[in-house]
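Residue numbers (my numbering): 43 to 430.
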Ligand SMILES: Cc1ncc(COP(=O)(O)O)c(C=O)c1O
């Protein structure tokens, strides 16, 4: 099997990820922060060390400013619901995943907020120049994905604050498709929060994710979920210190232990090497795609300003048929459909059809790429009746 659906969830993972998940379940993962017994303290140590790794990765002020959640969806909901108050206005973009669009629409339908969306150009790059027209006195937050999950387009989120008249507006980034592929930091990108998911570029298990947040944003937020934290147990009130303010309930210790191994792997390899490898594969792929007129690429046509995540349509094959043939005839796993980004499809002109999304991961090889190109070439020839 050749796995090319890494934008959905990465596979393969470094062996240390699954070994560590297995070992922590086998050898006993206590309940972190609940009691002072050895296994509980051992689990607290796992959370603290993983927070430390994420703090460095995302330039958070302290390990406690990294909050664990079950996914980036969970993280984005916590950020939006915890921050936004009646009357607030939010700016986002048409390139967002439903994990941003649906919470915004939900809050709008309940009469709590209003929002406006930046448009995008034909490569899926958001139109930042529209920002000043959309900003209002009641604008409280801008929320944008760092990389589009549909087109792989890298968005200029580090330039958002300079375009805002009110510099105090909170800027939140959905780094689901960039964390583990490209650098993204609270300081370097001038952000108030970075939401991440563990199971994509960070190479961890599913069921892990969270967000890193600035102290300024923390001071403006309310907890969304309340419950047991293992701290201040005699009080009926949610603790207001980090990370407990946003982390009620028992954490996914085994998953977080595995996530730490994914992050260590990325750090050891380095984001620079990951990027260089991906750019090399992307250049070969884009060059070959340009010789196949039956395939239309929807997104950046060069390796710059993108990650190796490609959305495409075929002249005479619908996306689900193409994905089915790639799997059945060539053992290549890709994704077809709408990729949870309806407005991005509208912007890219694929709202009626959906698309095939092919996404490389950290372990994609040149041999696999050659097989993919061969398979696409054969599919296009069959479409044109040149093969039996
Ligand atoms: C940009 C973006 N945001 C959010 C999500 C949601 O991720 P999860 O299902 O891990 O919460 C995805 C997943 O595809 C994504 O690509």
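The beta carbon of each residue, even a glycine, is placed where N, CA and C say it ideally should be.
Residues near residue i by beta carbon distance below 8 Å, same chain, minus five either side
| i | result |
| --- | --- |
| residue 209 | 203 |
| residue 260 | 107, 284 and 287 |
| residue 177 | 133, 206, 207, 208 and 211 |
Residue nearest to residue i in terms of C-alpha spacing, selected from the options
| i | options | result |
| --- | --- | --- |
| residue 251 | 273, 260, 298 and 226 | 298 |
| residue 173 | 198, 151 and 111 | 198 |
| residue 194 | 219, 214 and 178 | 219 |
| residue 394 | 423, 361 and 179 | 361 |
| residue 16 | 265, 81 and 417 | This structure gives no information on residue 16, because the portion of the chain shown stretches from 43 to 430. |
| residue 295 | 236, 354 and 88 | 88 |
| residue 137 | 163, 129, 127 and 373 | 163 |
| residue 365 | 276, 280 and 418 | 418 |
| residue 425 | 336, 63 and 375 | 336 |
| residue 440 | 206, 276 and 323 | Since the first and last residues shown for the chain are 43 and 430, residue 440 lies out of range. |
| residue 410 | 376, 141, 100 and 91 | 376 |
| residue 317 | 143, 225 and 90 | 225 |
| residue 189 | 103, 310 and 386 | 386 |
| residue 99 | 230, 145, 322 and 147 | 230 |
| residue 322 | 278, 346, 311 and 93 | 346 |
| residue 235 | 278, 262, 339 and 333 | 262 |
| residue 82 | 276, 327 and 69 | 69 |
Opening and closing residue of the alpha helix (DSSP H) in which residue i lies
| i | result |
| --- | --- |
| residue 420 | 408-425 |
| residue 257 | 257-262 |
| residue 307 | 295-311 |
| residue 78 | Note, residue 78: premise wrong, no alpha helix (DSSP H); not H, not E. |
| residue 61 | 57-68 |
| residue 176 | 173-176 |
Cut-off 6 Å between Cβ atoms - residues of its own chain near residue i, not counting five sequence neighbours on either side
| i | result |
| --- | --- |
| residue 430 | At residue 430, the pLDDT of 44 sits below 50, so the modelled position is not reliable and the matter cannot be decided from this model. |
| residue 344 | none |
| residue 123 | 266 |
| residue 112 | 249 |
| residue 379 | 396 |
Residue span of the beta strand (DSSP E) that contains residue i, given as start and end
| i | result |
| --- | --- |
| residue 338 | 337-339 |
| residue 238 | 235-239 |
| residue 379 | 377-379 |
| residue 266 | Note, residue 266: premise wrong, no beta strand (DSSP E); not H, not E. |
| residue 159 | 156-160 |
| residue 353 | 351-356 |
Residues near residue i by beta carbon distance below 7 Å, same chain, minus five either side
| i | result |
| --- | --- |
| residue 84 | 72 |
| residue 245 | 52, 55, 56, 59, 222, 304, 307, 308 and 404 |
| residue 156 | 131 and 150 |
| residue 431 | In the structure displayed, the chain extends from 43 to 430; residue 431 sits before or after that span and is not available. |
| residue 168 | 135, 137, 160, 162, 186 and 197 |
| residue 341 | 165, 166, 193, 194, 195, 348, 352 and 353 |
Nearest-angstrom Cβ-Cβ length linking residue i and residue j, presumed shorter than 8 Å
| i | j | result |
| --- | --- | --- |
| residue 354 | residue 401 | No, residue 354 and residue 401 are not in contact; Cβ-Cβ is about 11 Å, not under 8 Å. |
| residue 9 | residue 74 | In the structure as shown, the chain starts at 43 and stops at 430, and residue 9 therefore has no counterpart that could be examined. |
| residue 187 | residue 139 | 6 Å |
| residue 374 | residue 46 | 6 Å |
Residue-level contact to chain B via CB, residue i, 8 Å cutoff
| i | result |
| --- | --- |
| residue 331 | Absent here is chain B; the protein component of the structure consists of one chain. |
**Sequence ranges, alpha helix (DSSP H) only - wholly within the segment 86-145, length at least 4** = 114-125
**alpha helix (DSSP H) runs wholly inside the segment 188-243, at least 4 long, in chain order** = 202-205
**Message:** In chain order, what are the residue ranges of uninterrupted alpha helix (DSSP H) at least 4 long that sit wholly in the segment 358-405?
**Reply:** 361-372 and 384-390
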